[in-house]
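Residue numbers (numbering that gives the first Met the number 0): 0 to 148.
Ideal placement from N, C-alpha and C gives every residue a C-beta, glycine not left out.
Given the structure is predicted, the values throughout are model-derived calculations rather than measurements.
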Amino acid sequence: MSNKKKIEKIDFGIVSPEKIDKMAVKEIDKAEVYDADGFPVEDGVMDPALGVIDPGMTCQTCGGRIRECKGHFGKITLSRPVVHVLHAKKVKNLLRFTCTECASLAMKNENKSYRKSNMMNECPECGEEMKDVKLDKPYSFYEDGEELV
0 MSNKKKIEKI DFGIVSPEKI DKMAVKEIDK AEVYDADGFP VEDGVMDPAL GVIDPGMTCQ
60 TCGGRIRECK GHFGKITLSR PVVHVLHAKK VKNLLRFTCT ECASLAMKNE NKSYRKSNMM
120 NECPECGEEM KDVKLDKPYS FYEDGEELV
């Protein structure tokens, strides 16, 4: 008899900043990985509180050794929002077709394609002028010369 189990579904989502704060055992704020003696730098990406990869060390969070500790989450606070490069074009299109005044989706066509020819001059809901959004790669967006943050 087989003990195989069938996976019915997998859900993916974005973790909220609050949940990240709760899950993180360390704030990572050092760029250095190892010190001059070859040991992991505290508050760096190899901090022993996140787990260990050296058989002679123990995890500072759970006390486990390399085969016992599965690792722990850390948190890196970025100085500005970062858009994943594979999603930058999608984000640009969402910004381009969303009214900055009332947040309505403003498109001429019912098929909701993100072609520039489908862009409206003004929002059909509130009448606000729709401005084009420019993408300055890798992740800066501008509307009428002003950076969108």
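Quick check on this structure: which residue in the options has the alpha carbon closest to the alpha carbon of residue i?
{"i": "LYS25", "options": "GLN59, PHE38, LEU85", "result": "GLN59"}
{"i": "ILE75", "options": "ASP28, ASP53, GLY37, THR57", "result": "ASP28"}
{"i": "PHE140", "options": "ILE52, ASP20, ARG95", "result": "ARG95"}
{"i": "ASN92", "options": "GLU142, ASN2, TYR33", "result": "GLU142"}
{"i": "LEU134", "options": "CYS101, GLU100, LYS88", "result": "LYS88"}
Only counting the same chain, and skipping five residues up and downstream in sequence, which positions put a Cβ closer than 7 Å to that of residue i?
{"i": "PHE72", "result": "MET22, ALA23, VAL24"}
{"i": "MET118", "result": "ARG95, PHE96, MET129"}
Here's a check: name, in chain order, each residue in its chain whose Cβ is nearer than 6 Å to the Cβ of residue i, leaving out the five neighbours to either side.
{"i": "CYS98", "result": "ALA105, CYS122, GLU127"}
Could you check how far apart the C-beta atoms of residue i and residue j are, in whole angstroms? I think they sit under 8 Å.
{"i": "THR57", "j": "GLY63", "result": "7 Å"}
{"i": "PRO54", "j": "MET45", "result": "At roughly 15 Å, the Cβ-Cβ gap does not stay under 8 Å, so PRO54 and MET45 are not in contact."}
Identify, in the order they occur along the chain, each residue of the same chain with its Cβ nearer than 8 Å to the Cβ of residue i, setting aside the five sequence neighbours on each side.
{"i": "ALA30", "result": "GLY43"}
{"i": "SER103", "result": "THR97, CYS122, PRO123, GLU124, CYS125"}
In terms of DSSP beta bridges, what is residue i paired with?
{"i": "ASP135", "result": "SER139"}
Worksheet entry | Continuous beta strand (DSSP E) assignments of at least 3 residues falling wholly in the stretch 53-100 | As for any beta strand (DSSP E) of minimum length 3 sitting wholly inside the stretch 53-100, there is none.
Worksheet entry | Runs of beta strand (DSSP E) wholly within the stretch 27-53 (minimum 3 residues, chain order) | Those beta strand (DSSP E) runs which fall completely within the stretch 27-53 and span 3+ residues do not exist here.
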